[in-house]
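The structure appears below as structure tokens.
There are 2 protein chains.
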Amino acid sequence: MPIDALKPKRAAIPIVNSASSSDAGDNVVRMRTACSHCHLREVCLPVGLNQEQVNRLEQIVHARRRLRKGESLYRAGDPFRSLFAVRSGFFKSRAATVDGRDQVTGFQMAGELLGMDGICMEQHTCDSIALEDSEVCIVPYAMLETLSVQAPALGHHFHTVMSREIVREHGVMLLLGSMRAESRLAAFLLNLSQRLNARGFSATDFILRMTREEIGSYIGLKLETVSRAFSKFQDDGVIEVKQKQVRILDMAALHRLMGGANSASNH
Amino acid sequence: MPIDALKPKRAAIPIVNSASSSDAGDNVVRMRTACSHCHLREVCLPVGLNQEQVNRLEQIVHARRRLRKGESLYRAGDPFRSLFAVRSGFFKSRAATVDGRDQVTGFQMAGELLGMDGICMEQHTCDSIALEDSEVCIVPYAMLETLSVQAPALGHHFHTVMSREIVREHGVMLLLGSMRAESRLAAFLLNLSQRLNARGFSATDFILRMTREEIGSYIGLKLETVSRAFSKFQDDGVIEVKQKQVRILDMAALHRLMGGANSASNH
DNA sequence: CGACCTTTTGAACGTATTCAACCGATGTGG
DNA sequence: CCACATCGGTTGAATACGTTCAAAAGGTCG
Numbered sequence: 000m001p002i003d004a005l006k007p008k009r010a011a012i013p014i015v016n017s018a019s020s021s022d023a024g025d026n027v028v029r030m031r032t033a034c035s036h037c038h039l040r041e042v043c044l045p046v047g048l049n050q051e052q053v054n055r056l057e058q059i060v061h062a063r064r065r066l067r068k069g070e071s072l073y074r075a076g077d078p079f080r081s082l083f084a085v086r087s088g089f090f091k092s093r094a095a096t097v098d099g100r101d102q103v104t105g106f107q108m109a110g111e112l113l114g115m116d117g118i119c120m121e122q123h124t125c126d127s128i129a130l131e132d133s134e135v136c137i138v139p140y141a142m143l144e145t146l147s148v149q150a151p152a153l154g155h156h157f158h159t160v161m162s163r164e165i166v167r168e169h170g171v172m173l174l175l176g177s178m179r180a181e182s183r184l185a186a187f188l189l190n191l192s193q194r195l196n197a198r199g200f201s202a203t204d205f206i207l208r209m210t211r212e213e214i215g216s217y218i219g220l221k222l223e224t225v226s227r228a229f230s231k232f233q234d235d236g237v238i239e240v241k242q243k244q245v246r247i248l249d250m251a252a253l254h255r256l257m258g259g260a261n262s263a264s265n266h
Numbered sequence: 000m001p002i003d004a005l006k007p008k009r010a011a012i013p014i015v016n017s018a019s020s021s022d023a024g025d026n027v028v029r030m031r032t033a034c035s036h037c038h039l040r041e042v043c044l045p046v047g048l049n050q051e052q053v054n055r056l057e058q059i060v061h062a063r064r065r066l067r068k069g070e071s072l073y074r075a076g077d078p079f080r081s082l083f084a085v086r087s088g089f090f091k092s093r094a095a096t097v098d099g100r101d102q103v104t105g106f107q108m109a110g111e112l113l114g115m116d117g118i119c120m121e122q123h124t125c126d127s128i129a130l131e132d133s134e135v136c137i138v139p140y141a142m143l144e145t146l147s148v149q150a151p152a153l154g155h156h157f158h159t160v161m162s163r164e165i166v167r168e169h170g171v172m173l174l175l176g177s178m179r180a181e182s183r184l185a186a187f188l189l190n191l192s193q194r195l196n197a198r199g200f201s202a203t204d205f206i207l208r209m210t211r212e213e214i215g216s217y218i219g220l221k222l223e224t225v226s227r228a229f230s231k232f233q234d235d236g237v238i239e240v241k242q243k244q245v246r247i248l249d250m251a252a253l254h255r256l257m258g259g260a261n262s263a264s265n266h
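Set out below in structure tokens:
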């Protein structure tokens, strides 16, 4: 099979584009389908909620927003009002310092929640940018809080999601602090693979939605180093890579590469 | 003034060691003083809560635990039941991978909350270790959830604390991903300085509670590199350092060092 | 006091970065 | 529709930075 023939293992469910042009904004539409029928309910906020709790969640998630590739969902400094659940597409989050340094802090795909960094300052602290045409469900934070009181399981679940984000970031810190270049890229690819697989896509064949530079920014390497590592993996027969299309040929080898000797584990 | 004569700007409030040896465990004691009278109420969980809300918080924070230097508050894999607010002392959090890699993910001082990583898996995902004799307030998580329903402001405040942790970790990712060695140490020192200052201690004179190796683990450097950077700062007259005692001589220079040219900002 | 741990410093080394050139893919306008 | 400009990606060579290895001094704690 040619590497170009990459397809999800499960057909994508077409997204209903609700007709009514609502009062909420140009690219914001009222929802027709709701959480309980969403094909993402297995990986999104509703995880672990029963039917009645999902019904409550549906009450507050009543609008969506479409974004074109390159558009930003929010920017650092924007007032924080809502969280966003990715319904389709792919996002990057980018944090910046005053002195112009910036870094990709995460990539988000369908079912993942965006914007939790904004709660503490009541404004967003990083940028979120669509890497392809995307759609998000808008979760007004004030309503989430109100409803958490009525349905404590929802509140608990939200804690779980935030906690998971903290743990994810611990993993990134570990990667950035103590892995060498090839291990970082291996870890990155394996992480993508797992998450895509959890959403019904192939774990071995996928398309990268981000550039080498964005990968590098995320895993703390220059784009040239990322490119070299890709080439190395390909030369070693671990992956097949052609621009943004990746095929993992030897998953076990990739795992070994990830855990490979590094500067922090030799003594 | 000799560097050795380091003192808090405000005298430490002696901690009342409640007499009753409770049924909760050897080093766990019922509290006598409560949040509303705690000298940390300005920096701890109660921030932003009114009197009645603090009273509710006091209902659940009803025990403390003392730890000796080197003792662990919890370890990865321990069942998660409580969060911990540092009442006195100093902690490090340490995350580890299966393959033996580990890394300090944070240092916690008085008023800071520990254990939020444990919520998502219902077990702790990292170790928390006291770097000096310390005391924590035990905040049973189940009770925190229950009370959040009765006092939504408390629930909101907890979200704020978790969100702040996410933002802090973004900052660490930025540091690890794009700063050179001296910038990292400068950022680390400035962060310590600010946090100590917020607690009524000197911003310029303080004692490091961690080793060079622990600093290095946190900021992604080998202990030798940390040591060299300290020496460099001292040679340049930016700080005075003698073992664990640090005095910042030129705060502005330290800020400049933090923002100094790095591998990610030159093009 | 002695053993051990932490820290400092030096020198050699290795890995990722930098700078540069080139190639291919993509997109735009004539 | 092709020419051209732009962007993204690859590769090579030189460089720089942090690591590694080693030795020794300084603290700390039994």
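Each protein sequence line maps, in turn, to chains A and B. So for the first sequence, numbering that gives the first Met the number 0 puts the first residue at 0; every next one is plus one. So for the second sequence, numbering that gives the first Met the number 0 puts the first residue at 0; every next one is plus one. For every residue, glycine included, the Cβ atom is placed at its ideal position computed from N, Cα and C.
Are residue i and residue j touching if we call contact CB-CB under 8 Å?
{"i": "Arg227 of chain A", "j": "Ile137 of chain A", "result": "no"}
{"i": "Phe83 of chain B", "j": "Leu72 of chain B", "result": "yes"}
{"i": "Gly176 of chain B", "j": "Gln107 of chain A", "result": "no"}
{"i": "His156 of chain A", "j": "Leu39 of chain A", "result": "no"}
{"i": "Lys243 of chain A", "j": "Ile206 of chain A", "result": "yes"}
{"i": "Arg167 of chain A", "j": "Gly110 of chain A", "result": "no"}
{"i": "Cys119 of chain B", "j": "Ser162 of chain A", "result": "yes"}
{"i": "Leu113 of chain A", "j": "Val85 of chain A", "result": "yes"}
{"i": "Leu173 of chain A", "j": "Arg100 of chain B", "result": "yes"}
Consider the C-beta atom of residue i and the heavy atoms of the ligand ATP; say whether any pair is separated by less than 7 Å.
{"i": "Val42 of chain B", "result": "With respect to small molecules bound, the structure shown includes none, and the ligand ATP cannot be examined in it."}
Might you give, ordered along the chain, the residues of its own chain that have their beta carbon closer than 7 Å to the beta carbon of residue i, omitting 5 neighbours on each side?
{"i": "Glu164 of chain B", "result": "Met115"}
{"i": "Gln122 of chain A", "result": "Gly76, Asp77, Pro78 and Phe79"}
{"i": "Glu239 of chain A", "result": "Ile2, Gln233, Arg246 and Leu248"}
{"i": "Leu153 of chain A", "result": "Leu48, Gln52, Arg55, Leu56, Leu146 and Ser147"}
{"i": "Cys125 of chain B", "result": "Ala75, Ser92, Arg93, Ala94, Thr104 and Asp116"}
{"i": "Ala252 of chain A", "result": "Val237"}
{"i": "Ser87 of chain A", "result": "Ile14, Ala109, Ser133 and Glu134"}
Does residue i pass the burial test, meaning 16 or more other C-beta atoms within 10 Å, or should it be called exposed?
{"i": "Glu213 of chain B", "result": "buried"}
{"i": "Val135 of chain A", "result": "buried"}
{"i": "Arg67 of chain B", "result": "exposed"}
{"i": "Ser230 of chain A", "result": "exposed"}
{"i": "Glu41 of chain A", "result": "exposed"}
{"i": "Cys185 of chain A", "result": "The identity of residue 185 of chain A in the sequence shown is Ala, whereas the question assumes Cys. Flag for Ala185 of chain A reads buried."}
{"i": "Ala141 of chain B", "result": "exposed"}
{"i": "Val97 of chain A", "result": "exposed"}
{"i": "Gly219 of chain B", "result": "buried"}
{"i": "Val46 of chain A", "result": "exposed"}
Taking the continuous beta strand (DSSP E) assigned at residue i, which residues delimit it?
{"i": "Leu139 of chain A", "result": "Residue 139 of chain A is actually Pro in this sequence, not Leu. Where Pro139 of chain A is concerned, the enclosing beta strand (DSSP E) stretches over Ser133 to Pro139."}
{"i": "Lys241 of chain B", "result": "Ile238 to Lys241"}
{"i": "Leu82 of chain B", "result": "Ser81 to Ser87"}
{"i": "Thr224 of chain A", "result": "Careful: Thr224 of chain A lies outside any beta strand (DSSP E), inside the alpha helix (DSSP H) at Leu222 to Asp234."}
{"i": "Ala62 of chain A", "result": "Ala62 to Leu66"}
{"i": "Val103 of chain B", "result": "Asp101 to Met108"}
{"i": "Gln282 of chain B", "result": "This structure cannot speak to residue 282 of chain B, because chain B is shown only from 0 to 266."}
{"i": "Ser127 of chain A", "result": "Asp126 to Ala129"}
{"i": "Cys72 of chain A", "result": "Residue identity differs from the one stated: residue 72 of chain A is Leu in this sequence, not Cys. Segment Ser71 to Tyr73, the beta strand (DSSP E) holding Leu72 of chain A."}
{"i": "Arg29 of chain A", "result": "Val27 to Arg29"}
{"i": "Ala206 of chain B", "result": "Note on residue identity: the sequence assigns Ile, not Ala, to residue 206 of chain B. Asp204 to Ile206 is the extent of the beta strand (DSSP E) around Ile206 of chain B."}
Near residue i, which residues of its chain fall below 6 Å by C-beta distance, leaving aside the five closest residues on each side in sequence?
{"i": "Gly215 of chain A", "result": "Lys221, Leu222 and Val225"}
{"i": "Ser35 of chain B", "result": "Val53"}
{"i": "Met250 of chain B", "result": "none"}
{"i": "Ala10 of chain A", "result": "Here the model assigns Ala10 of chain A a pLDDT of 39, short of 50, so the residue's position is not dependable, and the following value carries that caveat. Within the same chain, Ala10 of chain A has no close Cβ partners at all."}
{"i": "Leu195 of chain B", "result": "Phe205"}
{"i": "Ala202 of chain B", "result": "Ser192 and Asn196"}
{"i": "Arg183 of chain B", "result": "Leu174 and Ile218"}
So the alpha helix (DSSP H) residue i belongs to, where does it begin and stop?
{"i": "Ala197 of chain A", "result": "Ala180 to Ala197"}
{"i": "Ser273 of chain A", "result": "The structure shown has nothing for residue 273 of chain A, since chain A only spans 0 to 266."}
{"i": "Val53 of chain B", "result": "Gln50 to Ile59"}
{"i": "His254 of chain B", "result": "Met250 to Gly258"}
Return the chain-ordered list of same chain residues with a C-beta closer than 8 Å to the C-beta of residue i, the five sequence neighbours on each side being excluded.
{"i": "His254 of chain B", "result": "Ala185 and Leu189"}
{"i": "Gln50 of chain A", "result": "Ser35"}
{"i": "Ser19 of chain A", "result": "Caution is warranted here: a pLDDT of 39 is assigned to Ser19 of chain A, below 50, making its placement in the model unreliable, and no coordinate value can be reported."}
Query raised in the report: At a Cβ cut of 8 Å, what residues of the region 108–142 of chain A count as close to chain B, listed as they run along the chain?
Result: Within the region 108–142 of chain A, Met115, Asp116, Gly117, Ile118, Cys119, Met120, Thr124 and Cys125 place their CB atoms closer than 8 Å to a CB of chain B, listed in sequence order.
Query raised in the report: Using a Cβ cut-off of 7 Å, which residues of the region 72–100 of chain A contact any Cβ in chain B, in chain order?
Result: Taking 7 Å as the Cβ-Cβ cut-off, the region 72–100 of chain A approaches chain B at Ala94, Thr96, Asp98, Gly99 and Arg100, given in chain order.
Report task. Please name the residues in the region 152–166 of chain B whose beta-carbon is closer than 7 Å to at least one beta-carbon of chain A, in chain order. Result -> Correct list: Gly154, His155, His158, Thr159, Met161, Ser162, Arg163, Glu164, Ile165 and Val166.
Query - Under 7 Å (Cβ pairs) to chain B, residues found in the region 174–201 of chain A - result: Here the close residues are Leu175, Gly176 and Ser177.
Query raised in the report: Using Cβ-Cβ distances below 7 Å, what residues of the region 226–258 of chain B are close to chain A?
Result: Cβ proximity to chain A below 7 Å picks out Gly258 from the region 226–258 of chain B.
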